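Please read the structure below before turning to the comments.
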Amino acid sequence: MVEESHVNQMYQCRNLLKSFLFMVAVAILVSAGSASAVENPRQCEDILLDTYHGNLAKLATNSFGLPLFLESFERDDRVEVDVYGIFDQPFSSVANVLKVPANWCDIVTLSPNVKACTYRVQPGVPLLTFYIGKKVYQPPEDTDQVLYHYRVVDQQPGYLDIMLNADEGPLGTQDHRMRFEALPLDGGRTFVHVSYSYNDSVVLRLTEKIYFAILGRDKVGFTEIGTDSHGNPVYIGGPRGAVERNAVRYYFAIQSFMSTLQYPEKNRFSIRISEWYDLTTRYRKQLFDLDKKDYLAFKIKEHINQVTLQQSIGTGHQ
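Numbers 0 to 317, taken from the working numbering, label the letters of the sequence shown in order.
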């Protein structure tokens, strides 16, 4: 009887640890938001243009094998990552698509951890609700909800700046920001910038240590910080690595959304989730999470849930 009680206690502790670590992982995922506060839109446009001209070599040759590079840093209680790349679609197409808040719900839900997304306007301000959960299938009611305010900061014939921000997140985190910038290039292409940042908390810093020591010990980002004894690259881990992974996931999500607009609308979703999976699994060390069969099956079910949630909001039931 004593032995059985001891086993039950161990089982309960193990389940509590799993739940705790999952909560930490969710906090790390949602703690992806974007760059520093926007001041002068014209100045921001000039900075983005300077970034493009100053990094042509990185866009031409990099570890991604694509016109894509990233930068990240940790400073005090803030973690930030900036992803820059080139889309093959013209600027006008990119701007017309991404200035529609509803389209962002179909973009962010390509991530395995975003189980659904809904949008509404209140009052005059578009709001997006991210339903964050595990990488396996979960119904919306079993997820954590984070509310983002959507804002078109600046829109010009040659520049677009969009911001999504959430005041609060899990484990005391604050000021979550997701930012998207774009400007036109020659040849019908577009230079884009996807940025994420957040302010962490004492609780998050403590729980991150546990998460990255157990479940996340093999998780790495894309920034090379050295080489091992065999000359192979060593990548950044910890919170910076986590935010880098999520930033690249969202970059590929936007890219996949844009590239599948050429297909009939009824076929876009299935093509989109397949293309996103194939893009991300090129970088297996950083971004592999699920077998393709499982990922596609989960996303199909989650998409049905999302449509149902959005219909409920649209009819005033929520």
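Ideal placement from N, C-alpha and C gives every residue a C-beta, glycine not left out. The model shown is predicted, which means the values in this text are computed figures rather than measured ones.
Delimiting residues of the alpha helix (DSSP H) encompassing residue i
{"i": "F268", "result": "264-279"}
{"i": "F90", "result": "90-97"}
{"i": "S311", "result": "291-313"}
{"i": "V107", "result": "100-107"}
{"i": "Q285", "result": "283-286"}
C-alpha gap between residue i and residue j, whole angstroms
{"i": "Q317", "j": "N304", "result": "Per-residue confidence for Q317 stands at a pLDDT of 43, beneath the threshold of 50, marking its modelled position as unreliable; the derived number appears in the next sentence. Whole-angstrom Cα-Cα distance: 14 Å."}
{"i": "P138", "j": "D227", "result": "42 Å"}
{"i": "N61", "j": "Y51", "result": "15 Å"}
{"i": "T259", "j": "R267", "result": "6 Å"}
{"i": "V306", "j": "G313", "result": "10 Å"}
{"i": "F86", "j": "S92", "result": "11 Å"}
{"i": "Q285", "j": "A101", "result": "29 Å"}
{"i": "N95", "j": "E180", "result": "13 Å"}
{"i": "L97", "j": "G225", "result": "37 Å"}
{"i": "S273", "j": "D288", "result": "14 Å"}
{"i": "S194", "j": "H302", "result": "25 Å"}
{"i": "L146", "j": "P263", "result": "31 Å"}
{"i": "I213", "j": "G237", "result": "Residue placement at I213 is flagged as unreliable, the pLDDT there being 42, under the threshold of 50; the coordinate-derived value follows with that caveat. Using only the alpha carbons, I get a separation of about 11 Å."}
{"i": "K298", "j": "V107", "result": "12 Å"}
{"i": "V113", "j": "S269", "result": "17 Å"}
{"i": "A165", "j": "A241", "result": "19 Å"}
{"i": "G123", "j": "V99", "result": "14 Å"}
{"i": "F251", "j": "D49", "result": "23 Å"}
{"i": "Q121", "j": "R77", "result": "29 Å"}
{"i": "D141", "j": "R239", "result": "27 Å"}
Residue closest to residue i, alpha-carbon to alpha-carbon, out of the options
{"i": "S196", "options": "F251, D75, D49", "result": "D75"}
{"i": "M257", "options": "R248, R271, N266, G230", "result": "R271"}
{"i": "L184", "options": "K57, Q88, I253", "result": "Q88"}
{"i": "I161", "options": "G230, P125, V233", "result": "P125"}
{"i": "T279", "options": "L163, A181, P111, A59", "result": "P111"}
{"i": "S311", "options": "C43, R119, L65", "result": "R119"}
{"i": "C43", "options": "V145, Y158, D288", "result": "Y158"}
{"i": "M177", "options": "P156, D153, F190, H148", "result": "H148"}
{"i": "P156", "options": "G132, Q144, L182, N164", "result": "L182"}
{"i": "G84", "options": "R239, V247, Y294", "result": "V247"}
{"i": "Y249", "options": "G53, W103, E140", "result": "W103"}
{"i": "D143", "options": "V151, Q121, A115, N54", "result": "A115"}
{"i": "L67", "options": "V191, G186, D290", "result": "V191"}
{"i": "Q154", "options": "F90, R77, Q261", "result": "F90"}
{"i": "Y294", "options": "N245, K133, V151", "result": "K133"}
{"i": "F63", "options": "F129, R188, K291, R244", "result": "R244"}
Terminal residues of the beta strand (DSSP E) in which residue i lies
{"i": "L126", "result": "125-131"}
{"i": "K114", "result": "113-120"}
{"i": "G225", "result": "223-226"}
{"i": "Y250", "result": "Note, Y250: premise wrong, no beta strand (DSSP E); alpha helix (DSSP H) at 237-258."}
{"i": "Y136", "result": "It is not in any beta strand (DSSP E) - Y136 carries neither H nor E in the DSSP assignment."}
{"i": "Q155", "result": "143-155"}
{"i": "V233", "result": "232-234"}
Neighbour-count burial assignment, residue i, 16 or more Cβ in a 10 Å radius
{"i": "E223", "result": "exposed"}
{"i": "V135", "result": "exposed"}
{"i": "H175", "result": "buried"}
{"i": "A296", "result": "exposed"}
{"i": "S255", "result": "buried"}
{"i": "K319", "result": "Any answer about residue 319 is impossible in this case: the structure gives the chain only from 0 up to 317."}
{"i": "V233", "result": "exposed"}
{"i": "N231", "result": "exposed"}
{"i": "Y276", "result": "buried"}
{"i": "I46", "result": "exposed"}
{"i": "I131", "result": "buried"}
{"i": "L163", "result": "buried"}
{"i": "G220", "result": "buried"}
{"i": "E79", "result": "buried"}
{"i": "H229", "result": "exposed"}
{"i": "D81", "result": "buried"}
{"i": "L55", "result": "exposed"}
{"i": "F72", "result": "exposed"}
Any non-hydrogen atom of the ligand FAD within 7 Å of residue i CB
{"i": "R244", "result": "Ligands in the displayed structure: none, and consequently the ligand FAD is not present."}
Residue ranges of each alpha helix (DSSP H) within the region 55-88, 4 or longer: 55-59
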